[in-house]
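Taken in order, the sequence shown gives residues 29 to 295; the numbers are from my numbering. Note that beta-carbon positions come from the ideal geometry of N, C-alpha and C, so glycine has one too. This report refers to the structure that appears directly beneath it.
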Amino acid sequence: MGGRFRVRASSLAAVVALALTACTVPVASGLDESQANQVVVALDQAGIVAEKEVDPGSEGRYRVKVRKDDASRAFAAMREEDLPSPPSTGVLETLGKGSLVPSQLAEHAHYVAGIAGELERTLRGIDGVQGARVHLSMPLESGFHDGPRERPTASVLLKHRGATPPIDAEKIRHLVAGAAPGLDAADVAVVLLPRPITTPSPERELAQVGPITVTRRSAGLLRLGLALTVLVHIALATAVLLMWKRLRNLRAEPSAAEAPAETKRAA
29 MGGRFRVRAS SLAAVVALAL TACTVPVASG LDESQANQVV VALDQAGIVA
79 EKEVDPGSEG RYRVKVRKDD ASRAFAAMRE EDLPSPPSTG VLETLGKGSL
129 VPSQLAEHAH YVAGIAGELE RTLRGIDGVQ GARVHLSMPL ESGFHDGPRE
179 RPTASVLLKH RGATPPIDAE KIRHLVAGAA PGLDAADVAV VLLPRPITTP
229 SPERELAQVG PITVTRRSAG LLRLGLALTV LVHIALATAV LLMWKRLRNL
279 RAEPSAAEAP AETKRAA
């Protein structure tokens with residue numbers, strides 16, 4: 029009986045897992061791990077349960093899944109947060125691209141784009157930053173150029189959560205100037221764009237009931253349902269126990285009635 033019960037329990041667990049999987053849909057795919065983490069964090073802050081998993085359609089990539097009922101809210105939250113953020117190409121990724129025999133100008137353009145990409149990665153890694161774009165203008169030095177040398181310049185657009193930026197504009201200028209040769213911090217323009225912090229409505233705030241995550245509005249009903257389920261199981265177990273005792277007593281009564289009759293025959 030124990031083996032049969034274990035088989036039924038495992039079958040029930042498989043059915044429940046299949047049902048839960050069928051109720052989720054991917055909202056972003058083909059992401060690197062950093063992009064996937066950003067999406068999961070943003071959806072969690074919006075009160076949406078999200079799960080990161082390996083993308084079966086792209087090797088080495090990830091995707092984010094949510095419940096089917098939350099898909100529309102997830103897309104809206106991602107659009108509000110400008111997610112998933114576009115990948116930034118670093119110096120190592122840009123060098124060597126292009127033609128088989130790249131020109132000096134092409135190599136310089138790839139190098140500048142790589143520096144901008146590295147800076148964007150660094151700025152996006154700061155907690156509270158939603159997005160960052162860095163534009164560098166670094167003229168190529170040439171020995172044939174007459175006149176004063178053009179000064180490098182840069183501009184940074186930083187989107188952040190809340191009214192207070194997570195990093196000071198002056199620190200951004202020094203960060204960018206330190207990464208670009210010949211660039212002075214005074215020639216770096218910084219634009220800080222605050223974005224409102226999305227807070228989930230009370231109806232969408234999440235609560236934990238054991239291993240189950242539900243909205244706070246549904247948590248009370250779930251606890252009541254679980255309590256009623258436990259009471260029903262206790263009542264059923266008590267009824268089964270009473271029936272078993274009664275059947276055992278009924279089986280014992282004929283044996284007690286037959287014993288005096290056999291005693292009389294022997295006498």
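Restricted to the region 51-123, the beta strand (DSSP E) segments that are unbroken, complete and at least 3 residues in length are 52-59, 78-82 and 90-95, listed in chain order. Counted as a single uninterrupted DSSP element, the beta strand (DSSP E) harbouring A182 occupies residues T181 to R189. For L151, the enclosing alpha helix (DSSP H) starts and ends at Q132 to R152. In the DSSP assignment, L220 falls outside any alpha helix (DSSP H) and lies within the beta strand (DSSP E) extending over V216 to R223.
Inter-residue distance for L252 and V258 is about 10 Å (C-alpha atoms, whole angstroms). The C-alpha of T181 is placed about 9 Å away from the C-alpha of A213. Rounded to the nearest angstrom, the Cβ distance from R152 to A141 is 16 Å, too far for a contact under 8 Å.
Exposed is the label assigned to D196, since fewer than 16 other Cβ atoms lie within 10 Å of its Cβ. For A197, the uninterrupted alpha helix (DSSP H) segment begins and ends at A197 to A207. In this structure, the CA atom of E87 is about 11 Å from the CA atom of S57.
When the beta-carbon positions are compared, V219 and V184 come within less than 9 Å of each other.
Using a 10 angstroms sphere on the CB of D98, the tally of other CB atoms reaches 16 or more, which defines it as buried.
In terms of Cβ geometry, C51 and R101 do not form a close pair [threshold 9 Å].
Here the C-alpha atom of H202 lies approximately 15 Å from the C-alpha atom of H163. Per DSSP, A255 has no beta-bridge partner at all.
Of V268, M271, L211 and Q132, the smallest CA-CA separation from A144 is found for L211. For R161, the enclosing beta strand (DSSP E) stretches over residues V157 to S165. V67 is a Cβ neighbour of L59, given a cutoff of 9 Å.
The alpha-carbon of V53 is positioned some 28 Å away from that of D155. If you draw a straight line from the Cα of L270 to the Cα of L278, it is about 12 Å long. Comparing alpha carbon positions, the residue from R179, V82 and L186 closest to E109 is L186. A straight line joining the alpha-carbon of A207 with that of H188 spans about 22 Å.
A straight line joining the alpha-carbon of E61 with that of E169 spans about 38 Å.
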